[in-house]
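Here's the structure we're looking at; comments come further down.
Chains as they are written, first to last, in the working numbering: chain A, 233 to 715; chain B, 233 to 715.
Dropping the structure here:
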């Protein structure tokens, strides 16, 4: 028996899936960039079963890859091709453990689908604000493990800001449990912060307590046309001022992103007839039955028009029109796929640098020439730009994009580094960005990460090869392992 | 030469203070509960000098105690009585390195006084929201190292939520630098989260990038009288709803806290003539010139009155009246001192449990009897209750309070534990609460903290004896040290 077979033999048969048709749903990543193999998918039904699995894997030094909804962009949940790594999914652990309305908190199993949490909160007339394109299939455990961002982070924060407490199984099988949904707690180190965004490499998140908010009683959405990109952030500041910081989304959409999409999906409605270089989908919301948010947005709009920052715009006059705006925004990634796919750069800079980054990045791609097309969009209110490069129409996209990856991407990342930005704003590192981390990351930080990994997971069983570079590239391994 | 003398001999003389009059300002804690000794206070002028000091201390295994404004409540910066621990103060490092208005961020040296950061933000017509009673003397490095809370956390979060980036000197003298003020960044583990709230035990924070917000263009404050404590949190929910979650403070003040204060400081103005059991100081703010926050608060007030949740109240009609309200709130700790001092319990529970906690806690103190008086107040919007017990008038306070500590405090902490709350909501552990952590803390968490401490600070030089229990109480020390 191989070591992983010894582990499988000790587990209840009901939680072991050997059917390769099911396993195959996890061995290729969402973007089809990585493919691996796995002999089994484990589907525990409780935290205790997760702990049992992890303990056995630790004893036998068998690698475990935690999978969620398989919606990640960096191959963070794809096993390697050894066919020896076991997959573990928490898809059977999807209890809403508790909603505490007066405490504005919800406690959930990590296998809950994000949209199920939205629904559970809505049932209690409350709202969980994390909002992602993949919310119908991603799991909250994955959102926490990747510290997901999304379209409402500008108001409600990223996942880290929404987590009040965690339960997790550590790599030795111990259960770290701190689910109490407290808003202030200063009893020593904030250990659970380390698990948020650790992509399953320091343990498996099994449950979480999350913050809830009051739902909107009114919501105003507008689609704005802008010609001068440097007006972007001053416009955001103006909107925040008029609305009392009630902006829930401030999504930039370049004209090319919009045109690429509309060319392939003409049934989607163009919100503004007039052509423009840049668009912003802005949304504000309030729980107040008293405060006239629509008047605040109208005053903002008039001010922006009179200062010629906004060249045209439409304020949604119905829920349908609002959904039409969002439909455009949410189909942009699909628009890229329909145009042959893209090389994605999920970067962040200071919000004050977004306009300059977009300008300089565009110049870089123009200099490469050869008809490369750009789809630029993102959560610019958080300084988060999706800067994606496409092949020209009629060209072999995969070959062209390969060249973009080797010729253009390094220059874009150089630019990001020069601006003190991040080469991974919301996608994490997974396996896809480890080499970027080697080039641009801070060696002191990397060294520390390795030390923490060694302390928590000395046998390297938790999602090996992801997030932290593997042990053999460390120069001071010896020292690290035995301090 | 002793080892610390060897360290001092290698440092520039200008940064070494041997004057015991100056050193004496740090060897007794703010509450005069702990006194230690130290041969020298080091006052580096730059991050590099901090690194040099730490490196030397590490080489010679000399303990370093980072001190800030000496405003902490848990003896976290008081040296032991060995007279061998060196103090290090960043009081000379107080540059505002940068204010980036468009990015809503400020980057500051860790020695900046909190109020200096308020001023620097205000100069750029922006606002840094961390607000504490000690803001004229506490340093931001200390605020970060204790993850300070304060009176506006309900809207803007605790210190952790306000930190975008950190620079810190690690216990081996390496500089971990991640000051870029990005709102989204998912490049591996969130190491700087571990330094926030670590009370100087994992390194010395030397600088930080912090979030700024728009200043209020209007602000409404009200002092409300409530007779049924169980109305407290529903009232907060109502206020949040009417104002669109614009509440910046929701401070509970028990009638006894108010009366103790007014008895000693009759010059302070009583905001409501009518007697009541409970009071709330509520404040809302908005940057909007359009949204009528005063109308929202008035509607809230009328609604609360008509439902008989609010029995009486005053909405501040002038800035002076607003300051009068806050004057009361901020003098409550002084009111306790003037009445012989108190045994403090800085606890947190779910906001939904605050009323029940106050009721059950009061019953515990009543059961002890003997005229013990209670001063209960705090940031109940965050579930954070300051539950303080005083001696009756005319009794030897120090003896009585000693008894409270041994007879009553354990029961209060038992109650907190039973409610899954925290025995340290915002004060941290320091040296004062290590024994509470031994009783009520999670051994798995404590064990992990010790592992992290060993990895980062194997020679135990950084603020030893604080936050993490000392090495010799660990049962699995051997295993921890060499995994």
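Every residue gets a Cβ at the ideal spot worked out from N, C-alpha and C, and that includes glycine.
In this text, all values refer to a predicted model and were calculated from it rather than measured experimentally.
#1: Would residue 468(B) pass as a contact of residue 482(B) if the rule is Cβ separation under 7 Å?
#2: Below 9 Å between beta carbons is the criterion; list the residues of the segment 665 to 698 of chain B that meet it against any residue of chain A, in chain order.
#3: Report the CB separation of residue 484(B) from residue 612(B) in whole angstroms; it is logged as a contact under 8 Å.
#4: What residue ranges within the segment 424 to 479 of chain A form continuous alpha helix (DSSP H) runs of no fewer than 4 residues, ordered along the chain?
#5: From the beta carbon of residue 369(B), is the nearest beta carbon of chain A less than 7 Å away?
#6: In chain order, what residues of the segment 467 to 480 of chain A put their CB closer than 8 Å to some CB of chain B?
#7: Give me the Cα-Cα distance between residue 243(B) and residue 309(B), rounded to the nearest whole angstrom.
#8: Could you tell me whether the Cβ atoms of residue 436(B) and residue 298(B) are closer together than 7 Å?
#9: Quick check: the Cα distance between residue 641(B) and residue 682(B), rounded to an integer number of angstroms?
#10: So within the segment 549 to 617 of chain A, which uninterrupted beta strand (DSSP E) runs reach at least 3 residues, ignoring any that extend past its ends?
#11: Residue 243(A) by DSSP, collapsed to three states: which one?
#12: Ordered along the chain, which non-local residues of its own chain (more than five positions away) have a Cβ less than 8 Å from that of residue 252(A)?
#13: Would you mind reading off the limits of the alpha helix (DSSP H) that contains residue 687(B)?
#14: Give the range of the alpha helix (DSSP H) segment to which residue 375(B) is assigned.
#15: Specify the secondary structure class of residue 422(B) as computed by DSSP and reduced to three states.
#16: According to DSSP, is residue 694(B) part of a helix, a strand, or is it coil?
#17: Taking the alpha-carbon of residue 739(A) as reference, which of 246(A), 278(A), 291(A) has the nearest alpha-carbon?
#18: Near residue 702(A), which residues of its chain fall below 6 Å by C-beta distance, leaving aside the five closest residues on each side in sequence?
#19: Taking the straight line between their C-alpha atoms, what separation do you get for residue 305(B) and residue 569(A)?
#20: What span of residues does the beta strand (DSSP E) with residue 409(B) cover, start to end?
#21: Taking Cβ to Cβ, would you say residue 371(B) is nearer than 7 Å to residue 301(B)?
#22: Determine the closest residue to residue 368(A) out of 357(A), 383(A), 349(A), 376(A), with distance taken between C-alpha atoms.
#23: Should residue 513(A) and residue 589(A) be called a contact, given that it needs their Cβ atoms to be closer than 7 Å?
#24: So which residues on chain B does residue 258(A) lean against when the C-beta distance must stay under 7 Å?
#25: Cutting at 8 Å between CB atoms, please list the residues of its own chain near residue 535(B), excluding the five before and the five after it.
#26: Evaluate residue 552(B) with the Cβ neighbour count: other Cβ atoms within 10 Å of its Cβ, from every protein chain shown; 16 or more gives buried, anything less gives exposed.
#27: Determine the DSSP secondary structure at residue 312(B), reduced to helix, strand or coil.
#28: Using a beta-carbon distance below 7 Å, is residue 374(B) in contact with chain A?
#29: To the nearest angstrom, how far is it from the Cα of residue 402(A) to the Cα of residue 276(A)?
#30: How far does the alpha helix (DSSP H) with residue 661(A) in it reach, from first residue to last?
#31: If we ignore side chains and look at the alpha-carbon of each, how far apart do residue 285(B) and residue 405(B) end up?
#32: What is the rounded straight-line gap between the Cα of residue 605(A) and the Cα of residue 624(A)?
#33: Measure the CB-CB distance between residue 274(A) and residue 254(A) and report whether it falls below 7 Å.
#34: Counting contacts by CB-CB distance shorter than 7 Å, is residue 315(A) in contact with chain B?
#35: Reducing DSSP to helix, strand and coil, say where residue 539(A) ends up.
#36: Under the DSSP definition of a beta bridge, which residues are partnered with residue 341(A)?
Taking the structure as given:
#1: yes
#2: 665, 668, 669, 672, 673, 674, 676, 677, 678, 679, 680, 681, 683, 684, 685, 686, 687, 688, 690
#3: 4 Å
#4: 464 to 475
#5: no
#6: 469, 472, 473, 474, 475, 476, 477, 478
#7: 22 Å
#8: yes
#9: 27 Å
#10: 578 to 580, 605 to 611
#11: coil
#12: none
#13: 675 to 688
#14: 372 to 377
#15: coil
#16: strand
#17: Residue numbering for chain A in the displayed model covers 233 to 715; residue 739(A) lies beyond these limits and cannot be assessed.
#18: none
#19: 58 Å
#20: 407 to 410
#21: yes
#22: 349(A)
#23: no
#24: Residues of chain B passing the Cβ test: none, with the nearest at roughly 22 Å.
#25: 470, 474
#26: exposed
#27: coil
#28: no
#29: 15 Å
#30: No alpha helix (DSSP H) contains residue 661(A), which DSSP labels as neither H nor E.
#31: 8 Å
#32: 6 Å
#33: no
#34: no
#35: coil
#36: 439(A)
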